[in-house]
Each structure stands twice: as structure tokens, then as C-alpha cells.
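Participant:
Protein chains: 2
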Amino acid sequence: MTPRTGKPEPIPPGSTIGILGGGQLGRMLALAAARLGLKTHVYSDESESCAFYVATETTRASFRDQARLAQFARRCNAVTFEFENVPDETVRGLMQHVRVAPGPEPLRIAQDRFLEKSFLQQQGLLTAPFHNVTSEAQAREAFPALGGRAVLKTRRLGYDGKGQRTVKSAEEAARAFVELGGVPSILEGFVEFAFETSVIAARGENGAFAAYDPALNEHEHHILRRSTVPSGLPENKVQEAFAMAHSIAEALNYIGVLGVDLFITRDIGLLVNEIAPRVHNSGHWTLDGCTVSQFEQHIRAVAGWPLGDPVRHSDAVMQNIIGAEAEGWKQLAGQAGLHIYGKRVVRPGRKMGHFTTISPLK
Amino acid sequence: MTPRTGKPEPIPPGSTIGILGGGQLGRMLALAAARLGLKTHVYSDESESCAFYVATETTRASFRDQARLAQFARRCNAVTFEFENVPDETVRGLMQHVRVAPGPEPLRIAQDRFLEKSFLQQQGLLTAPFHNVTSEAQAREAFPALGGRAVLKTRRLGYDGKGQRTVKSAEEAARAFVELGGVPSILEGFVEFAFETSVIAARGENGAFAAYDPALNEHEHHILRRSTVPSGLPENKVQEAFAMAHSIAEALNYIGVLGVDLFITRDIGLLVNEIAPRVHNSGHWTLDGCTVSQFEQHIRAVAGWPLGDPVRHSDAVMQNIIGAEAEGWKQLAGQAGLHIYGKRVVRPGRKMGHFTTISPLK
Chain B
1 MTPRTGKPEP
11 IPPGSTIGIL
21 GGGQLGRMLA
31 LAAARLGLKT
41 HVYSDESESC
51 AFYVATETTR
61 ASFRDQARLA
71 QFARRCNAVT
81 FEFENVPDET
91 VRGLMQHVRV
101 APGPEPLRIA
111 QDRFLEKSFL
121 QQQGLLTAPF
131 HNVTSEAQAR
141 EAFPALGGRA
151 VLKTRRLGYD
161 GKGQRTVKSA
171 EEAARAFVEL
181 GGVPSILEGF
191 VEFAFETSVI
201 AARGENGAFA
211 AYDPALNEHE
221 HHILRRSTVP
231 SGLPENKVQE
241 AFAMAHSIAE
251 ALNYIGVLGV
261 DLFITRDIGL
271 LVNEIAPRVH
281 NSGHWTLDGC
291 TVSQFEQHIR
301 AVAGWPLGDP
311 VRHSDAVMQN
321 IIGAEAEGWK
331 QLAGQAGLHI
341 YGKRVVRPGR
351 KMGHFTTISP
361 LK
Chain R
1001 MTPRTGKPEP
1011 IPPGSTIGIL
1021 GGGQLGRMLA
1031 LAAARLGLKT
1041 HVYSDESESC
1051 AFYVATETTR
1061 ASFRDQARLA
1071 QFARRCNAVT
1081 FEFENVPDET
1091 VRGLMQHVRV
1101 APGPEPLRIA
1111 QDRFLEKSFL
1121 QQQGLLTAPF
1131 HNVTSEAQAR
1141 EAFPALGGRA
1151 VLKTRRLGYD
1161 GKGQRTVKSA
1171 EEAARAFVEL
1181 GGVPSILEGF
1191 VEFAFETSVI
1201 AARGENGAFA
1211 AYDPALNEHE
1221 HHILRRSTVP
1231 SGLPENKVQE
1241 AFAMAHSIAE
1251 ALNYIGVLGV
1261 DLFITRDIGL
1271 LVNEIAPRVH
1281 NSGHWTLDGC
1291 TVSQFEQHIR
1301 AVAGWPLGDP
1311 VRHSDAVMQN
1321 IIGAEAEGWK
1331 QLAGQAGLHI
1341 YGKRVVRPGR
1351 KMGHFTTISP
1361 LK
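Taken in sequence, the protein lines are chains B and R. Using this note's numbering, you'd call the opening residue of the first sequence number 1 and step up by one each time. Using this note's numbering, you'd call the opening residue of the second sequence number 1001 and step up by one each time.
1) Report the CB separation of B:G37 from R:G1337 in whole angstroms; it is logged as a contact under 8 angstroms.
2) Starting from B:I109, trace the alpha helix (DSSP H) in both directions and tell me its first and last residue.
3) Please tell me whether B:D315 has its Cβ less than 8 angstroms away from any Cβ of chain R.
4) Is the CB-CB distance between R:R1068 and R:C1050 below 8 angstroms?
5) Cβ closer than 8 angstroms: which chain R residues qualify as neighbours of B:A34?
6) Could you tell me the alpha carbon to alpha carbon distance between B:L120 and B:L252, rounded to whole angstroms?
7) Could one say the Cβ of B:H41 lies closer than 8 angstroms to chain R's Cβ atoms, at least one of them?
8) Quick one: Cα of R:W1329 to Cα of B:H246, how far?
9) What in chain R is Cβ-close to B:P8, meaning under 7 angstroms?
10) When DSSP builds the beta bridges, which residues end up paired with B:Q319?
11) What do you reckon, are the CB atoms on R:T1265 and R:A1194 nearer than 8 angstroms?
12) With a CB to CB cut of under 6 angstroms and the five nearest residues on each side skipped, what residues in its chain are close to B:W285?
13) Mind pulling the chain R residues with CB within less than 7 angstroms of B:T228?
14) Who are the Cβ neighbours of B:R108 in its own chain at under 8 angstroms, not counting the five residues just before and after it?
15) Does DSSP put B:N281 in a helix, a strand or coil?
16) Whose C-alpha, out of R:R1175, R:T1058, R:G1349, is nearest the C-alpha of R:Q1071?
17) List the residues of chain B that R:V1178 touches, going by C-beta distances under 9 angstroms, in chain order.
18) From what residue to what residue does the alpha helix (DSSP H) around R:Q1121 run?
19) Can you give, in chain order, each stretch of the beta strand (DSSP E) that sits fully within the segment 174 to 204 of chain B and has at least 3 residues?
20) Can you tell me whether B:Y43 is helix, strand or coil according to DSSP?
21) Measure from the C-beta of R:D1309 to each C-beta in chain B and report whether the shortest distance is under 8 angstroms.
22) Alpha carbon to alpha carbon, what distance is there between R:I1275 and R:P1184?
23) Starting from R:E1274, follow the beta strand (DSSP E) in both directions and report where the run begins and ends.
24) Between the beta-carbon of B:F177 and the beta-carbon of B:L146, is there less than 8 angstroms?
25) So for B:I19, helix, strand or coil by DSSP?
26) Taking CB distances under 8 angstroms as the criterion, tell me whether B:H432 reaches chain R.
27) Which first and last residues belong to the alpha helix (DSSP H) in which B:T154 is found?
28) For chain B, is any of its Cβ atoms less than 8 angstroms away from the one on R:H1339?
29) What does R:T1291 reach in chain B if we use C-beta pairs closer than 7 angstroms?
30) For B:P450, return the contacting residues in chain R, with the cut-off set at a CB-CB distance below 9 angstroms.
31) For R:P1013, count the other beta carbons within 10 Å of its own beta carbon; 16 or more makes it buried, fewer makes it exposed. Which is it?
32) Give a yes or no on whether the minimum CB-CB distance between B:W305 and chain R is below 8 angstroms.
33) In whole angstroms, what is the alpha-carbon distance linking B:P102 and B:E235?
34) Which residues in chain R sit within 7 angstroms of B:V333, going by Cβ to Cβ distance?
35) Distance check for B:A324 and B:K168, CA to CA, integer angstroms please.
36) Could you tell me which chain B residues have their CB closer than 7 angstroms to the CB of R:G1037, listed as they occur along the chain?
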């Protein structure tokens, strides 16, 4: 944990927020920053970055290019990131020049499923049972204690179901380890959950904490299909979920928006699945359901501004537009609450946009 | 009137909307276009243009520079404008290369108070009584019929109370004509109104029409201070105001968002004050009170997309942040529904931002 010393002053309108990563999250962060009168500088290693189109300035360079990073840092008043696979050395390097939030520690933890789950257990939070796996033999040995069904997941770089295999025997576990490239992994007990929810929370420079109502999240082929708010979770569980997110944010001395993915099981209650040190797909509904969206909230925290009220003015259902569905844009164009990310290339499973349907609070 | 021949196809996400003018209206149009996956190209003759910071591409050049305009047009799939003082020849020139909405005719009419009020009367709509004034003598002669109190207004280039003088005698009217530069003007009967409202309406390529609930508008020093929705206008007057806006939009074969400024007098009812062929300050509340804002609605019309539902999810009060008030940004930063335009220079009377407070529908 890097303790912060002294609270930085809020940065004034007209300043520049640097954003590492140029995908849709970076794009929506840039649009939110603009609303508050802040300029943006998007840094991405991909030439086709949809956040470039809305940024004040752009840099296309590698996240390892120290010279370009230093140049970027000097042109920004604060820097944040839109995805958790920014190398943590990149963030540490930037911190020599400019304020960066959230810091490198949440990033380091969220990048590695083993560190992440170990951290959560240290905080006294429930997770699925898991074992570190660095060899076929370890995969085989770990299996029997996990109840007959388990998931092998690479420690790093997994998302949307990539880098994981469900296995039903010790032999399958060993084989999955080889198939996923023999890289450091965890073997996790399979959780039979009733439903999946997430808390999108924010912590500000002054330790203020604010959380949006949790959404009920539905996945298809491991990709988020739909988030519904309210989730139907009973109020005491909502409060429990908020408390979990709050303790995580405090333990990480976190600044910014944080997504906490939770399983609700019939028997043991709330289990933390994973944490995302960034704005999160399951919080996109806040753009249309709240006055202060998760994107604005993140920018507020990063800029040292007071957090906004996360109150919801409407019930909301957010649906993702995935892959070739974007080709139906003429039909989608009639939707209110429509957000299209402006990605040039359609790929299967690629998130191309979303739309949120709101209705009066019930 | 330039009749349109054939409906253009809606332009796909990834296309570029050109915006003439780089102020806050252009900025909020660009942000709305981005939400729909459209790129933007802002063309402005001022180097300090706050819309530049959020546009995909920018051109700084004169509105008379035909070469730069043609170059701009070739890079855009549709063009619109954010202020009514774009020379109408500029728009006519662009139309040779690219689709432009609204067209030059609404612009020509809205640029000239005499043409505007004559057009309104031709549509059978009530306005204040007015006379064309091109000399001191005409100013003197026009005065007596106007009830003892009148306002001399230049025909062109007035806004926020600029280019006008209230006068109480024929002699004052003649003097005002000289003081305002001896330019073509109108002398208008002073209207004693109970309150001022506006209809923000949109007409799409297919003739569809959609109007937001009218706001009650309060001015200070001729500058909009506050818009409140609902306005308190009785339902039959709301419908009458919508019908007026609809007939104006139809008569102009209008494509895009149109602001219609109305006076409500105790005796004669609704009177049209002026029309703005663009998004309008009194519609800023729609950013936080509706799912589809006036800015998105305008972009939808310009891009040939279906209009969005102008339904309001909340009651709303929008307040402008004017001039030096922007220096209080640290206090304002706590506001939800805050929009800061990112203008570098504060000037008295300059619109620097706004904030909208929403509350549940009553």
C-alpha cells in the first residue's frame, strides 16, 4: 500500500485528465470529463482507439515507452486508466511526474487472480475456494478438495471468459493447465450461485465513499448481456454489499470508481468474485439512470473534486450491443438511451455499444 | 423555401458531423454526436473555441474562406451550425458538397428581425407590433402607434440584449437609431408580459415532430438566468405553443432542433418573440431531465435518424453560470447536473456553464 501524504488540491476546469487506454471506457470517461470542463489526453497503444475521437489530445505509443509516457505525464494534471492490464510499472513511472489515481497497488492486485483473492480473504471477505497452480501436478492435487467441479483460470490477462476452463476431474484440471499455456493459474471451486450482482462504488480524496445501487447482471457466453436496477437483492444484502465494497476501497486507499463483482449463493450469501479498479460495464446504466454517472464520478475522484450523489432517478435496464448486433444500427437508432462506441471493426464478442431503458422508480 | 427532394439515408455510426461554430452549443452537440458513435468536425473562426477540445477534427478559418469550407465539407457526411449568425452564403456554398441541416432559409429568416417577424405574421402567429426602421425619420414616425413605449432593435446580430434600446418618445427612438449605428432596425411595441417561455422542438427528415415541455424562463440583465420545467403554463397553452412551433417548423421545412421564444401576456395570450434555428439555452435542462437531450435530438435530425422521445423523467431547474460566477468553481463542484464549458477567458455576461437540479415529477 502506498500511503498518500497530504491531499492534493482539486484541479480546476481547463486542466487535462490523462487516460491510459483508448477503448469505450476511456471514451466515456473523456466525455464525462468534458462535461465538467476538463480537457483529456488519451494514451493508447492501438491506432484504432475509439476514445481518440473525443479526446482533446491523443498519444499512440507503447505502455513501455518511458519517453512518451514522461511527455504525456508532463501534459496532464492527473492521470487515470480505463483497463486493469496497464503495466503497474507504467503507473509507477508516471507517478514520478503526475498524480495518478487509482494508484499502482489496486492495479497490481486486480491484475493477478491469486493476489486478488488472497487480498480479499485477508480482508475477511468470502470468495470461492482457490489454489495457486503453477504445474500440472499442482492442478491435479488441488482438484479433489474443490467438490467435484472447478474452474482453472490464468492468474493474469483473463476477461469475458477468456483464459478459463471448467473442469470435472483432476485429469481435466491438469490438461486445462497445459491448454491455457502452462502459465501461473488458480484452480477455483465452482460456485453454484443464484445470481450475480456488482457494486459500483467510488472513494474520493477525502475518504468519502459513494455507491450506486447494485445491478442484477446477466451474462451470455461469459459476456455481460444485461444489467437491471434495482437488482431485487434484499436491502440487508445491499447494505452488506456496500460494506464489502467500502472495506475493499479503504484497504486499498483507493481513489476513483471501483467495480466489485459478487455472487449471491443460496446457502452462504455474498461472495466476492472479482474487483475491477476502474469504471465497469455493469455501471453503464448510471449514464441514463443517475445525474452523476460512474464516469463523472471517477473523473471527480481523480480530479480531487467532491464525489457526486449516486442517487438514481429512474429504474434502469442496460443491454450491451455485442459483435454483429451493431450492424443492426438502423433498427437500434430508434432507441432512447443509446450509446454507440464508434469502433470501426466488428468482431464476435466485441462490445460495440449499449442502450439503457429507464422507467419510473418503483 | 428550398424544397428537399428525396429523403437522404440515415448516416451510419463512424460518420462525421460537421459543426459550424465552436461555442458551448457546438461543444454539447459534439458530445451528443459522440454518444451516438458519430465523429465530429468543428469549424470555427475563433482560435479559443471550447468545442475544439471535444471534436474529432477541427478547422480554424473564416466563414468566408471558400477553399477551407469546401475542404471541410468533403470531410463531413452532414453539416449543421450552432449559431444563427453563420453567413447564409456559407451554408449555401456548403450545400453544393454536403447535406446541411437546417438549411439556409431558416438561417436567413432568423438572422433578420424584420424578416423573422414578417414570416411569423404570414404564418398567422401573433407577435409584438413592429415597424421597419431605416432612418431617424422612420423611427420618429413609427413611435406614436406603439403605445408610448417601444424597443428599437437592430435587424441583425443582436443577442442577450445587445443591439437594443427601450425608448419612451419619438425623439428617443430617433436617437436610439443613431446610437445603435444607424443600421437597419425595427421599432417594436413594448410587450407587458406575465412570463416568458420557450418551446424546444425538433423536426426530422421524415416530417416527424417532437417537442419538449416548455420551460419558464427568467432573465437578468437580458441574459437567461434560469429555466424551470414544468413552466406552470396551463395544458391548453402548452398545446397551443406546441402547435405554433409545429407550424413554424413545417413552414420552414425545418430539419433539426428549433427554439421558439414566447411571451405570455395576460390579455392576448401567446406571442412569438423570436425563433432560434438551433439548440437553445432554455433547453439545456434536457441534458439532465430527459433521456434524449436537445443536443442528441438535433444530431438525430441532422443525421437522418429517427427523433428520440422528448419525454421528461424529472422536473428540472437549469441555472446558468455567468461571467465571474465561474471563478467559484470549487463551490460549484459539489453540484450534480453540472456542466462547465471549458472557456479559458471569463468575461462579464459570458455563459461559462450551467447546472440543472432535478426532482421527481410532480
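Even glycine gets a Cβ: it sits at the ideal position worked out from N, Cα and C. The structure displayed is predicted, hence computed values, not measured ones.
Facilitator: In short:
1) Sequence index remark: in the first sequence, residue 37 of chain B carries index 37 (1-based). Sequence index remark: in the second sequence, residue 1337 of chain R carries index 337 (1-based). Their Cβ separation, rounded to whole angstroms, is 14 angstroms, which puts B:G37 and R:G1337 out of contact at 8 angstroms.
2) Indexing the first sequence from 1 puts residue 109 of chain B at position 109. Start and end: 104 to 110.
3) Translated into positions along the first sequence, residue 315 of chain B becomes position 315. False, the Cβ-Cβ gap to chain R never drops below 8 angstroms.
4) Taking the first residue of the second sequence as position 1, residue 1068 of chain R is located at position 68. Taking the first residue of the second sequence as position 1, residue 1050 of chain R is located at position 50. Between R:R1068 and R:C1050, the C-beta spacing is not below 8 angstroms.
5) Locating residue 34 of chain B in the first sequence gives position 34, where the first residue counts as 1. One finds R1027, L1031, Y1053, V1054, G1342 in chain R with Cβ atoms closer than 8 angstroms to the Cβ of B:A34, taken in chain order.
6) Position 120 of the first sequence, counted from the start, is the residue given in the question as residue 120 of chain B. Position 252 of the first sequence, counted from the start, is the residue given in the question as residue 252 of chain B. Each residue's CA atom was taken as its position, placing B:L120 and B:L252 some 11 angstroms apart.
7) To locate residue 41 of chain B, count along the first sequence from 1; it is residue 41. No, B:H41 does not count as interfacial toward chain R.
8) Stepping through the second sequence from its first residue, residue 1329 of chain R is reached at position 329. Stepping through the first sequence from its first residue, residue 246 of chain B is reached at position 246. Their Cα atoms are separated by approximately 29 angstroms.
9) As a working mapping, residue 8 of chain B is identified with position 8 in the first sequence. Chain order gives no chain R residues near B:P8, where near means a beta carbon separation below 7 angstroms; the closest approach is about 13 angstroms.
10) For the purposes of this step, residue 319 of chain B is taken as residue 319 along the first sequence, with counting starting at 1. Partner(s): B:R226, B:F355.
11) Residue 1265 of chain R sits at position 265 when you count from the first residue of the second sequence. Residue 1194 of chain R sits at position 194 when you count from the first residue of the second sequence. Yes, these two residues count as a Cβ contact at 8 angstroms.
12) Numbered from 1 along the first sequence, position 285 holds the residue referred to as residue 285 of chain B. So the list reads S227, V229, A316, M318, T356, once near-sequence residues are dropped.
13) In the first sequence, the residue the question calls residue 228 of chain B occupies position 228. In chain R, no part has a C-beta under 7 angstroms from the C-beta of B:T228; the shortest such distance is about 17 angstroms.
14) On the first sequence, position 108 is the one that residue 108 of chain B refers to. So the list reads D88, L115, once near-sequence residues are dropped.
15) If you number the first sequence from 1, residue 281 of chain B lands on position 281. In the three-state reduction of the DSSP assignment, B:N281 falls in the helix class.
16) The residue you call residue 1071 of chain R lines up with position 71 of the second sequence. Comparing C-alpha distances from R:Q1071 to each of R:R1175, R:T1058, R:G1349 shows the shortest one belongs to R:T1058.
17) Your numbering for residue 1178 of chain R matches position 178 in the second sequence. Around R:V1178, no beta-carbon contact reaches into chain B at under 9 angstroms, the shortest distance being about 41 angstroms.
18) What you label residue 1121 of chain R is simply residue 121 of the second sequence in a count that begins at 1. That run of the alpha helix (DSSP H) goes 1113 to 1122.
19) Every beta strand (DSSP E) stretch that sits fully inside the segment 174 to 204 of chain B and reaches 3 residues is listed by chain position as 185 to 189, 195 to 203.
20) Start at 1 with the first residue of the first sequence, and residue 43 of chain B comes out as number 43. Strand at B:Y43.
21) Here residue 1309 of chain R refers to the residue found at position 309 when the second sequence is read from its first residue. Among the CB atoms of chain B, one or more fall inside 8 angstroms of the CB of R:D1309.
22) As a position in the second sequence, residue 1184 of chain R is number 184, starting the count at 1. As a position in the second sequence, residue 1275 of chain R is number 275, starting the count at 1. Roughly 19 angstroms separates the two Cα atoms.
23) Here the question's residue 1274 of chain R lines up with position 274 in the second sequence. Taken as a continuous stretch (DSSP letters only), the beta strand (DSSP E) holding R:E1274 covers 1269 to 1276.
24) One-based indexing of the first sequence puts residue 177 of chain B at position 177. One-based indexing of the first sequence puts residue 146 of chain B at position 146. Between B:F177 and B:L146, the C-beta spacing is not below 8 angstroms.
25) As a first step, residue 19 of chain B must be located in the first sequence, where it is residue number 19. DSSP places B:I19 within a strand segment (E or B) once states are collapsed to three.
26) One cannot answer for residue 432 of chain B here, as it falls past the ends of chain B, which runs 1 to 362.
27) Within the first sequence, the letter at position 154 stands for residue 154 of chain B. Segment 150 to 154 is the beta strand (DSSP E) holding B:T154; no alpha helix (DSSP H) there.
28) Translated into the one-based positions of the second sequence, residue 1339 of chain R becomes position 339. For R:H1339, at least one C-beta of chain B is nearer than 8 angstroms to its own C-beta.
29) The residue labelled residue 1291 of chain R in the question sits at position 291 within the second sequence. In chain order: D288, A336, G337, I358.
30) Here chain B covers residues 1 to 362 and nothing more, so residue 450 of chain B does not appear.
31) Start at 1 with the first residue of the second sequence, and residue 1013 of chain R comes out as number 13. By the 10 Å Cβ count, R:P1013 comes out buried.
32) Working through the first sequence from its first residue, we reach residue 305 of chain B at position 305. Under the 8 angstroms criterion on CB atoms, B:W305 is classed as interfacial with respect to chain R.
33) By one-based count along the first sequence, residue 102 of chain B stands at place 102. By one-based count along the first sequence, residue 235 of chain B stands at place 235. Looking at the two C-alpha atoms, the distance is approximately 29 angstroms.
34) Position 333 of the first sequence, counted from the first residue, corresponds to residue 333 of chain B. For clarity, residue 333 of chain B is Ala in the given sequence; the question names Val instead. Within 7 angstroms Cβ-Cβ: P1010, W1305, P1306.
35) The count along the first sequence starts at 1 and reaches residue 168 of chain B at position 168. The count along the first sequence starts at 1 and reaches residue 324 of chain B at position 324. One C-alpha to the other measures close to 33 angstroms.
36) Start at 1 with the first residue of the second sequence, and residue 1037 of chain R comes out as number 37. Neighbours of R:G1037 on chain B, chain order: I340, Y341, G342, G353.
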